[in-house]
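One structure is given here, and the rest of the page talks about it.
Protein chains: 4
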Amino acid sequence: MYSYDHKIRVRYGETDKMGVVYHGCYPLYYEEARTEMLRSIGISYLELEQRSIMMPVTEMHVKYIAPAYYDDLLTVRVSLRQPPGVRIVFHYQIFNQNNQLLNEAELTLVFVNEATRRPCRLPQALADVLAPYFDK
Amino acid sequence: MYSYDHKIRVRYGETDKMGVVYHGCYPLYYEEARTEMLRSIGISYLELEQRSIMMPVTEMHVKYIAPAYYDDLLTVRVSLRQPPGVRIVFHYQIFNQNNQLLNEAELTLVFVNEATRRPCRLPQALADVLAPYFDK
Amino acid sequence: MYSYDHKIRVRYGETDKMGVVYHGCYPLYYEEARTEMLRSIGISYLELEQRSIMMPVTEMHVKYIAPAYYDDLLTVRVSLRQPPGVRIVFHYQIFNQNNQLLNEAELTLVFVNEATRRPCRLPQALADVLAPYFDK
Amino acid sequence: MYSYDHKIRVRYGETDKMGVVYHGCYPLYYEEARTEMLRSIGISYLELEQRSIMMPVTEMHVKYIAPAYYDDLLTVRVSLRQPPGVRIVFHYQIFNQNNQLLNEAELTLVFVNEATRRPCRLPQALADVLAPYFDK
């Protein structure tokens, strides 16, 4: 298992008239956190794309527990519980600055070859850096 | 069961560099479609709020099957399969103009009293207009 | 001069905690309105792009006069006051359902050749359909 | 004059099918930068609101010079050139990691009393911390 904490400050424009972060804004937080998680192990998502590998999201499941408010400093905890194959599953927990759990999510992405638009195996570089975290 | 079809045209700003609608934009489509579905049976979500009833999303589950593209004219099919209680579950299917299924989703919202911020029963007016669709 | 009115319903997610449409959401409304204006004269922006002509925004000037609220049914009036050349300038006025003027804007876009990423002349088809509106 | 540099990493969802940051996403960057600028001098925008002072944007003028790309690490330079009164004008320049100027903007906000929704003078605390930067 590999886990990474990333901090995000809530923007005003991400709130709605209920006074809380709009439920539809969290996918952007999840995206930012997994990009930084990959960067933390030396993988640039941008470079993956430049090598013609795309990672579209195929499934997203979010449970909203408590709201986030404007200017909250959120901790987005993103973790990999299984070594990725054709798919990679990111688990999320978001906490506010009082360490209150706000929501949990699970996003599944697939590795896709840009040219063929068909699923492909994960890049070897990514498999290599992740391997130590999933050894028995 | 009550089902309603609502059309949405994809905006340029809703696409991402992959050339398709960003996965995080669909919650806005789901929101717009359920508002119009409620309006179609004479319920204004705005008026619910003005009577101090809020409907936060507590769970969202999306399966992305195929991408939507800029300027696509989407049909968002939103349906209620069970009569709502404290919760209301909206089921979604989005089709493009070629009738291809792009994604499916299920969103759960709860009725909340604005003052107490506690769950409450659904408004009687909403229960009444929906009743005929769920009678045996 | 050519002028076109397009209706847009405000989404919940487009409001912010002030209870009004976030100022940063209007560019999406302007975009949707000019696309529909072009469609009204037989020009598809999507087809322009497919013929390798892009139209990036180079300048945007907005004056916010009054707020828009959730569920407002806005009229976005978009007009061309001058025949386009390498640039095309769209003028906007947004009104709510009470005919109150909410904001005014001016957006400048340039025609760009996708391959060279250099400015280019406007497509002849567009020049032709617009010509009658600017003849003395 | 007071000037502040704030770094923002471009999110995937902020790009559009042109492969660049959508022009309508910059207002969020400007907002984040001015919040951090105020924080840098000890002013919390959140606290201003809690003391019933709102700061709606009344004018926005952006000149787009060059595009930003996914994963760019932008520097948003925000500066105050005049001491604020009823209005406060923020000037912006955004640079990418190669120090290339991407766009310039000017946003005017007004101080508004939340209860009356009328313009009001700027908070004394803000006037006091800014005063040294504008003394002759």
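Protein chains in written order, with this note's numbering: chain A, 272 to 407; chain B, 272 to 407; chain C, 272 to 407; chain D, 272 to 407. Ideal placement from N, C-alpha and C gives every residue a C-beta, glycine not left out.
Review point. Under the DSSP definition of a beta bridge, which residues are partnered with lysine 288 of chain D?
Key: Working through the fourth sequence from its first residue, we reach residue 288 of chain D at position 17. Looking at the DSSP assignment, lysine 288 of chain D forms no beta bridge with any residue, so it has no partner.
Point to revise | Selection of the stretch 336-361 of chain A by Cβ proximity to chain C, strictly under 9 Å | key: The residues in question are Tyr340, Tyr341.
Review point. Does glutamate 302 of chain B come within less than 9 Å of chain C when only Cβ atoms are used?
Key: Taking the second sequence and counting its residues from 1, one reaches residue 302 of chain B at position 31. Answer yes: the Cβ-Cβ gap between glutamate 302 of chain B and chain C drops below 9 Å somewhere.
Check your understanding: When you compare each of C/Arg322, C/Arg305, C/Thr387 to valine 328 of chain C by their alpha carbons, which one comes out closest?
Key -> As a first step, residue 328 of chain C is located in the third sequence; it is residue number 57 there, counting from the start. Sorting C/Arg322, C/Arg305, C/Thr387 by C-alpha distance to the C-alpha of valine 328 of chain C places C/Arg305 at the top.
Check your understanding: Do valine 291 of chain C and leucine 344 of chain C come within 9 Å of each other at the CB atom, strictly closer than that value?
Key -> One-based indexing of the third sequence puts residue 344 of chain C at position 73. One-based indexing of the third sequence puts residue 291 of chain C at position 20. Cβ atoms of leucine 344 of chain C and valine 291 of chain C: not closer than 9 Å.
Review point. At a CB-CB cut-off below 8 Å, which residues of chain A make contact with histidine 294 of chain B?
Key: Residue mapping note: residue 294 of chain B aligns to position 23 of the second sequence, counting from 1. Going along chain A in sequence order, the residues near histidine 294 of chain B (Cβ under 8 Å) are Pro298, Pro327, Val328, Met331.
Review point. Span of the beta strand (DSSP E) holding tyrosine 275 of chain B?
Key: In the second sequence, counting from the first residue as 1, residue 275 of chain B sits at position 4. Segment 273-280, the beta strand (DSSP E) holding tyrosine 275 of chain B.
**Study point:** tyrosine 363 of chain B and tyrosine 301 of chain B closer than 9 Å at C-beta
**Key:** As a working mapping, residue 363 of chain B is identified with position 92 in the second sequence. As a working mapping, residue 301 of chain B is identified with position 30 in the second sequence. Taking 9 Å as the Cβ cut-off, tyrosine 363 of chain B and tyrosine 301 of chain B qualify as a contacting pair.
Point to revise | Between the CA atoms of lysine 278 of chain D and histidine 294 of chain A - distance to the nearest angstrom | key: As a first step, residue 294 of chain A must be located in the first sequence, where it is residue number 23. As a first step, residue 278 of chain D must be located in the fourth sequence, where it is residue number 7. Answer to the nearest angstrom: the Cα atoms are 25 Å apart.
Check your understanding: With DSSP run on the structure shown, which of helix, strand or coil describes tyrosine 363 of chain C?
Key -> Residue numbering aside, residue 363 of chain C sits at position 92 when the third sequence is read from its first letter. DSSP places tyrosine 363 of chain C in strand when its eight states are reduced to three.
Exercise for review: Counting only the same chain and skipping the five closest in sequence on each side, list residues whose C-beta sits under 8 Å from that of alanine 402 of chain D.
Suggested key: Mapped onto the fourth sequence, residue 402 of chain D falls at position 131. Only Pro354 meet the Cβ criterion.
Exercise for review: Output, in chain order, the set of chain C residues within a Cβ distance shorter than 8 Å of methionine 289 of chain D.
Suggested key: In the fourth sequence, residue 289 of chain D corresponds to position 18, counting from 1. One finds Met325, Pro327 in chain C with Cβ atoms closer than 8 Å to the Cβ of methionine 289 of chain D, taken in chain order.
Check your understanding: Considering only C-alpha positions, which residue in the set C/Leu317, C/Arg388, C/Val333 is nearest to cysteine 296 of chain C?
Key -> What you label residue 296 of chain C is simply residue 25 of the third sequence in a count that begins at 1. That would be C/Val333, whose Cα lies nearest to the Cα of cysteine 296 of chain C.
Check your understanding: Looking at the C-beta of lysine 278 of chain D, does it have a partner C-beta in chain C at a distance below 9 Å?
Key -> In the fourth sequence, counting from the first residue as 1, residue 278 of chain D sits at position 7. It does not: the Cβ of lysine 278 of chain D has no partner Cβ on chain C nearer than 9 Å.
Review point. Excluding the five sequence neighbours on either side, which residues of its own chain have a C-beta within less than 8 Å of the C-beta of leucine 393 of chain A, listed in chain order?
Key: Position 122 of the first sequence, counted from the first residue, corresponds to residue 393 of chain A. Answer for leucine 393 of chain A: Pro355, Gly356, Val357, Ile359, Phe382, listed in chain order.
Review point. What is the rounded straight-line gap between the Cα of lysine 288 of chain A and the Cα of leucine 373 of chain C?
Key: What you label residue 288 of chain A is simply residue 17 of the first sequence in a count that begins at 1. What you label residue 373 of chain C is simply residue 102 of the third sequence in a count that begins at 1. So the two alpha carbons sit approximately 18 Å from each other.
Review point. What residue range is occupied by the uninterrupted alpha helix (DSSP H) comprising alanine 304 of chain B?
Key: The residue given as residue 304 of chain B occupies position 33 in the second sequence. Judged by DSSP secondary structure, alanine 304 of chain B falls within the alpha helix (DSSP H) whose first and last residues are 297-311.
Point to revise | Limits of the alpha helix (DSSP H) - the one that leucine 317 of chain A falls within | key: Residue numbering aside, residue 317 of chain A sits at position 46 when the first sequence is read from its first letter. First-last of the alpha helix (DSSP H) with leucine 317 of chain A: 316-321.
Check your understanding: Could you give the residue range of the beta strand (DSSP E) that holds valine 400 of chain D?
Key -> Working through the fourth sequence from its first residue, we reach residue 400 of chain D at position 129. Per DSSP, valine 400 of chain D belongs to no beta strand (DSSP E); it is in the alpha helix (DSSP H), 395-405.
Practice item. Reducing DSSP to helix, strand and coil, say where tyrosine 283 of chain C ends up. Key: Here residue 283 of chain C is taken as the residue at index 12 of the third sequence, counted from 1. Helix, per DSSP.
Review point. Thinking C-beta only, is glutamate 385 of chain A closer than 9 Å to isoleucine 324 of chain A?
Key: As a working mapping, residue 324 of chain A is identified with position 53 in the first sequence. As a working mapping, residue 385 of chain A is identified with position 114 in the first sequence. Cβ atoms of isoleucine 324 of chain A and glutamate 385 of chain A: closer than 9 Å.
Check your understanding: Is there at least one non-hydrogen atom of the ligand NAD closer than 8 Å to the beta-carbon of alanine 376 of chain B?
Key -> Questions concerning the ligand NAD fall outside what the structure shown contains, since it holds no ligand whatsoever.
Review point. Would you call methionine 272 of chain A buried or exposed, if buried means 16 or more other Cβ atoms sit within 10 Å of its Cβ?
Key: Within the first sequence, residue 272 of chain A is the residue found at index 1, counting from 1. Methionine 272 of chain A comes out exposed.
Exercise for review: Below 7 Å CB to CB, which residues in the same chain sit around asparagine 367 of chain B once its five sequence neighbours on both sides are set aside?
Suggested key: Along the second sequence, read from residue 1 onward, the residue named residue 367 of chain B stands at position 96. Cβ neighbours of asparagine 367 of chain B beyond the five flanking positions: Ala339, Asp343, Leu345, Leu373.
Point to revise | Sequence-distant residues of its chain with Cβ nearer than 6 Å to tyrosine 275 of chain C (five each side left out) | key: Walking along the third sequence from the start, residue 275 of chain C turns up at place 4. Same-chain partners within the cutoff: Met308, Ser311, Val349.
Exercise for review: Measure the alpha-carbon distance for alanine 398 of chain A versus serine 315 of chain A and round it to whole angstroms.
Suggested key: The residue you call residue 398 of chain A lines up with position 127 of the first sequence. The residue you call residue 315 of chain A lines up with position 44 of the first sequence. Each residue's alpha carbon lies about 14 Å from the other.
Check your understanding: Of the residues D/Glu303, D/Gly313, D/Arg388, which one's Cα is nearest the Cα of alanine 396 of chain D?
Key -> As a working note, residue 396 of chain D is residue 125 in the fourth sequence. Among D/Glu303, D/Gly313, D/Arg388, the Cα nearest to that of alanine 396 of chain D is on D/Gly313.
Check your understanding: Would a C-beta distance cut-off of 9 Å place valine 347 of chain C and glutamate 320 of chain C closer than the cut-off?
Key -> The count along the third sequence starts at 1 and reaches residue 347 of chain C at position 76. The count along the third sequence starts at 1 and reaches residue 320 of chain C at position 49. It is not a contact, given that the beta carbons lie outside the stated cut-off.
**Study point:** glycine 284 of chain D: contacting residues in chain B (beta-carbon distance under 7 Å)
**Key:** As a working mapping, residue 284 of chain D is identified with position 13 in the fourth sequence. Neighbours of glycine 284 of chain D on chain B, chain order: Asp287, Tyr293, Gly295.
**Study point:** Residue span of the beta strand (DSSP E) that contains alanine 376 of chain B, given as start and end
**Key:** Numbered from 1 along the second sequence, position 105 holds the residue referred to as residue 376 of chain B. In this chain, the beta strand (DSSP E) harbouring alanine 376 of chain B covers 372-381.
Practice item. Establish whether the CB of leucine 378 of chain A and some CB of chain D are separated by less than 9 Å. Key: Position 107 of the first sequence, counted from the start, is the residue given in the question as residue 378 of chain A. Taking 9 Å as the CB threshold, leucine 378 of chain A stays off the interface with chain D.
Review point. Which one of D/Cys391, D/Leu351, D/Phe361 has the shortest CA to CA distance from tyrosine 404 of chain D?
Key: Your numbering for residue 404 of chain D matches position 133 in the fourth sequence. Closest by alpha carbon: D/Leu351.
Exercise for review: Determine, using beta carbons only, whether glutamate 318 of chain A and threonine 379 of chain A come nearer to each other than 9 Å.
Suggested key: As a first step, residue 318 of chain A must be located in the first sequence, where it is residue number 47. As a first step, residue 379 of chain A must be located in the first sequence, where it is residue number 108. Contact flag unset, no.
Practice item. Determine the contact status of glutamate 377 of chain B and isoleucine 365 of chain B, defining contact as a CB-CB distance below 9 Å. Key: Your numbering for residue 377 of chain B matches position 106 in the second sequence. Your numbering for residue 365 of chain B matches position 94 in the second sequence. Not a contact, by the Cβ cut-off of 9 Å.
Review point. Using a Cβ-Cβ distance under 9 Å, would serine 311 of chain C count as near chain B?
Key: Working through the third sequence from its first residue, we reach residue 311 of chain C at position 40. Output row for serine 311 of chain C: interface = no.
Exercise for review: Return the CA-CA distance between asparagine 370 of chain A and proline 298 of chain A, expressed in angstroms with no decimal places.
Suggested key: As a first step, residue 370 of chain A is located in the first sequence; it is residue number 99 there, counting from the start. As a first step, residue 298 of chain A is located in the first sequence; it is residue number 27 there, counting from the start. Rounded to whole angstroms, the gap between the alpha carbons of asparagine 370 of chain A and proline 298 of chain A is 20 Å.
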